[in-house]
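Engineer: In the numbering used here, the protein residues as written are 169 to 230. Glycine residues also receive a C-beta, built at the ideal position from the N, C-alpha and C atoms.
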Amino acid sequence: MLDRDGSAVIVHGLADNAAHIPSRYHSHSTESGTPPSGPDAATLATGDAGPRVACGLVRRSR
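1) Quick test of your reading: H180 and A217, contact by CB under 8 Å. State the CB separation rounded to the nearest angstrom.
2) Excluding five sequence neighbours on each side, which residues of the same chain lie with their C-beta closer than 7 Å to the C-beta of G174?
3) For my contact list, G215 and A187 are in at a C-beta cut-off of 8 Å; report their separation, rounded to the angstrom.
4) Do we get a CB-CB distance below 7 Å when we pair A217 with the residues of chain C?
5) Could you check the C-alpha separation between A222 and D184 for me, to the nearest Å?
Here is the structure:
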């Protein structure tokens, strides 16, 4: 788990969708008024895991 400079841990408020994004998924409306199909940037980045509720650094103690 640890590399030379430690590791970071982020705990999200919801479960990650593990990239299981159904084809019926639509993002919010665009300027054209029609919602694009497929995941939006936030879904791709976070897996719809919700807000961050905790984070921290993990380092080996000496």
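Structural biologist: Let's see:
1) 4 Å
2) L225, V226 and R227
3) 7 Å
4) No chain C is present in this structure, which holds just one protein chain.
5) 15 Å
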